[in-house]
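Inspection log for the structure reproduced underneath, given as structure tokens.
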Amino acid sequence: MKFEYDKEVDAAYIYLEYPIKDGEVKKTIELNEDIIVDFDEKGKLLGVEILNASKVLNKKTLLQAQAS
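Its first residue numbered 290, the sequence shown is counted upward by one per residue in the numbering used here.
If you want it as structure tokens, here you go:
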């Protein structure tokens, strides 16, 4: 698992499978306006994108993700 945060766009991505290879994501579902999930062809969850991350995630967690 890997966690990344991009402060410029205030978006976080939680990789459950890392790295995600080009073309591996076969289905993307928008759960709401801020949460997007990516699946492979077998329905396995590969990752979760969180938009407006600073509004829902702890600041310490975001700073640690930026540093890695």
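Glycine included, every Cβ here is placed at the ideal spot set by N, Cα and C.
Minimum Cα-Cα distance from ALA342 among the listed residues ASP323, LYS333, ASP329, GLN353 corresponds to ASP323. Remark: three or more beta-carbon pairs, one from each stretch, lie closer than 8 Å, so the region 329–339 and the region 291–310 are flagged as touching.
Spatial neighbours of PHE292 in its own chain (CB-CB distance under 6 Å, excluding positions within 5 residues in sequence) are listed in chain order as ILE303, ALA354. Here LYS316 carries a strand assignment [DSSP, helix/strand/coil]. Sorting VAL345, LEU335, LEU351, LYS344 by C-alpha distance to the C-alpha of TYR307 places LEU335 at the top.
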